Amino acid sequence: MAPLDTAVDSLGERGQRIPAPAARKSRWWFWLIAVAVIAAGVWLYRRQSFASNSAFGSGATMSGQPGSGGMPGALAIPVVVATATKGDLPVFYNGLGSVVAYNTVTVRSRIDGQLLTVGFQEGQLVKAGDVLAEIDPRPYQVQLEQAQGALAKDVAQRKDAQVNLERYKLLYKEGVIPKQQLDTQDASVSQFDGAIQTDQATIDNAKLNLVYCRITAPIGGRVGLRLVDAGNMIHATDVNGLVVITQLQPISVLFSLPQDQLPVVYSKLRAGQQLTVQAFDRDNTAKIADGRLLTIDNQIDATTGTYKLKSVFDNTDNALFPNQFVNAHLLVNTLKNVVLIPSTAILRGSQGIYVYSVSADKKVTIRPVAISQTTGIITGISSGLKAGDVVVTDGQDKLQEGSSVDATPAAIVPNSAPSATNSPFASPSGAPSAGGGPSR
Numbered sequence: 007m008a009p010l011d012t013a014v015d016s017l018g019e020r021g022q023r024i025p026a027p028a029a030r031k032s033r034w035w036f037w038l039i040a041v042a043v044i045a046a047g048v049w050l051y052r053r054q055s056f057a058s059n060s061a062f063g064s065g066a067t068m069s070g071q072p073g074s075g076g077m078p079g080a081l082a083i084p085v086v087v088a089t090a091t092k093g094d095l096p097v098f099y100n101g102l103g104s105v106v107a108y109n110t111v112t113v114r115s116r117i118d119g120q121l122l123t124v125g126f127q128e129g130q131l132v133k134a135g136d137v138l139a140e141i142d143p144r145p146y147q148v149q150l151e152q153a154q155g156a157l158a159k160d161v162a163q164r165k166d167a168q169v170n171l172e173r174y175k176l177l178y179k180e181g182v183i184p185k186q187q188l189d190t191q192d193a194s195v196s197q198f199d200g201a202i203q204t205d206q207a208t209i210d211n212a213k214l215n216l217v218y219c220r221i222t223a224p225i226g227g228r229v230g231l232r233l234v235d236a237g238n239m240i241h242a243t244d245v246n247g248l249v250v251i252t253q254l255q256p257i258s259v260l261f262s263l264p265q266d267q268l269p270v271v272y273s274k275l276r277a278g279q280q281l282t283v284q285a286f287d288r289d290n291t292a293k294i295a296d297g298r299l300l301t302i303d304n305q306i307d308a309t310t311g312t313y314k315l316k317s318v319f320d321n322t323d324n325a326l327f328p329n330q331f332v333n334a335h336l337l338v339n340t341l342k343n344v345v346l347i348p349s350t351a352i353l354r355g356s357q358g359i360y361v362y363s364v365s366a367d368k369k370v371t372i373r374p375v376a377i378s379q380t381t382g383i384i385t386g387i388s389s390g391l392k393a394g395d396v397v398v399t400d401g402q403d404k405l406q407e408g409s410s411v412d413a414t415p416a417a418i419v420p421n422s423a424p425s426a427t428n429s430p431f432a433s434p435s436g437a438p439s440a441g442g443g444p445s446r
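Okay, structure coming up:
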């Protein structure tokens, strides 16, 4: 059986097998088709690439022109940039904390009796001296009247004893009675003096109990939930009390810091400096209130290696609430006149800390930098950059030395986290754009 891809041989006159004339040339048409297919594929690929480049428009420009320094046909990489500025950078110590009422009082009755009325609404803001509840005063009114009657009786008896004492003095001078009888009468007068003082104390106590029948707020603040209803018998020994009052204005925040930061804070407190504390929400994005550092604890927690600090806030808008979780930012210093860039521009690699700087011809250069301080979303640079330099803040993962970029100014930096200045890194005057490079 002859192969399929070869021509059939013919037999000569002597029976010898003679090869067909076109047997070795039978594959030329196969190679011709293969070359045509490859050429068509290359043409379609180049046509599709040209159409894609045209569709990019100004968003991805070609950088292979003479003198551009890029590879022919390379696309400009879209990035977000910001311009370095100069300003003041605050230095914060950040710690986790919780809001604590400046004063907390559990209101209890100081006498026993039936609770007649409750004079507050749950959650109400009260002032010191406001009436919160009233106890039945009638038993103590009766005690007052009894004490007043006893006092009147003892006063009358003392008057009689005093008159008899004067008589005994005259009789003793005339030698009618002995000295012992005179002394006994004098002692009787003194006993009535003591009884009168006791009666007066009983009267004062009864009056005080009548005052205690009206339970008033010892401090100003917010009352909690009512713990006892009207009509119940209450006692001075009750554990729960009537209601709890928490003072909200001012209010305090307790937070912790690492013990390594204690010397700086302690030295400033001893020097009499007033340190500012900012309270941020649970997500550490929105500032709630500004306050001041009051004091620090007298010992370090050995289990955590931290120490506690107490700050006070005016809380005039009641934004802080007892037991609320907050992030406390303690301002300990302010660096003056430093170069500021967004923290997202900072990169770290085998060559150290660096940023991508954008030049006037829309090329990026790796610039090693030294960081002086990072505060929230702002980083202070001590060397490697100057004010006016443009740095890449987003899209660095696609860059390398000399890459062409299509720069877009950064969005406005929100002033929610601690920042160095109120001026945002937005719309930099020297930011490269599609139409030109930065001004120096």
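Under this note's numbering, the first residue of the sequence shown is numbered 7, with each subsequent residue one higher.
Virtual Cβ for every residue (Gly too), placed ideally from N, Cα, C.
The model shown is predicted, which means the values in this text are computed figures rather than measured ones.
Inter-residue spacing [alpha-carbon to alpha-carbon] between residue i and residue j
| i | j | result |
| --- | --- | --- |
| residue 193 | residue 146 | 33 Å |
| residue 217 | residue 313 | 45 Å |
| residue 241 | residue 188 | 50 Å |
| residue 269 | residue 297 | 21 Å |
| residue 202 | residue 214 | 18 Å |
| residue 178 | residue 151 | 40 Å |
| residue 393 | residue 249 | 60 Å |
| residue 2 | residue 222 | With the chain covering only 7 through 446, there is no way to say anything about residue 2. |
| residue 132 | residue 230 | 11 Å |
| residue 35 | residue 45 | 16 Å |
| residue 263 | residue 101 | 5 Å |
| residue 387 | residue 302 | 32 Å |
| residue 379 | residue 278 | 25 Å |
| residue 310 | residue 334 | 18 Å |
| residue 159 | residue 244 | 37 Å |
| residue 206 | residue 256 | 42 Å |
| residue 326 | residue 111 | 18 Å |
Within 8 Å, strictly: CB atoms of residue i and residue j
| i | j | result |
| --- | --- | --- |
| residue 155 | residue 141 | no |
| residue 332 | residue 258 | no |
| residue 3 | residue 300 | Here the chain comprises residues numbered 7 to 446, so residue 3 is not present and cannot be evaluated. |
| residue 94 | residue 342 | yes |
| residue 253 | residue 108 | yes |
| residue 329 | residue 105 | yes |
| residue 353 | residue 361 | yes |
| residue 404 | residue 83 | yes |
| residue 225 | residue 209 | no |
| residue 153 | residue 212 | yes |
| residue 336 | residue 99 | yes |
| residue 355 | residue 374 | no |
| residue 200 | residue 114 | no |
| residue 129 | residue 228 | yes |
Residue i - DSSP class collapsed to helix/strand/coil
| i | result |
| --- | --- |
| residue 197 | helix |
| residue 294 | strand |
| residue 115 | coil |
| residue 52 | helix |
| residue 47 | helix |
| residue 218 | helix |
| residue 1 | Outside the modelled stretch of the chain, which goes from 7 to 446, sits residue 1, for which no answer is possible. |
| residue 88 | strand |
| residue 203 | helix |
| residue 402 | helix |
| residue 211 | helix |
| residue 393 | coil |
| residue 307 | strand |
| residue 39 | helix |
Residue i beta carbon near the ligand ZN (any heavy atom closer than 7 Å)
| i | result |
| --- | --- |
| residue 414 | The model on display carries no ligand, and the ligand ZN is accordingly not part of it. |
Can at least three beta-carbon pairs, one atom from the stretch 343–354 and one from the stretch 87–94, be found at a separation below 8 Å? Counting Cβ pairs under 8 Å, three or more are found: they touch.
Which runs of the beta strand (DSSP E), 3 residues or longer, sit entirely within the stretch 338–364? Within the stretch 338–364, the runs of beta strand (DSSP E) that reach at least 3 residues and sit entirely inside it are, in chain order, 353–355, 358–364.
Considering only residues of the stretch 119–188, which uninterrupted beta strand (DSSP E) runs meet the minimum length of 3 residues and lie entirely inside it, listed in chain order? Within the stretch 119–188, the complete beta strand (DSSP E) runs of at least 3 residues are 119–124, 137–141.
Between the stretch 365–375 and the stretch 406–414, can you find at least three pairs of beta-carbon atoms closer than 8 Å? Per the Cβ contact rule, the stretch 406–414 is in contact with the stretch 365–375 (3 or more Cβ pairs under 8 Å).
Just list the beta strand (DSSP E) runs in the stretch 247–296, keeping only unbroken ones of 3 residues or longer that don't cross its boundaries, in chain order. Within the stretch 247–296, the complete beta strand (DSSP E) segments of 3 residues or longer fall at 249–252, 257–264, 282–286, listed in chain order.
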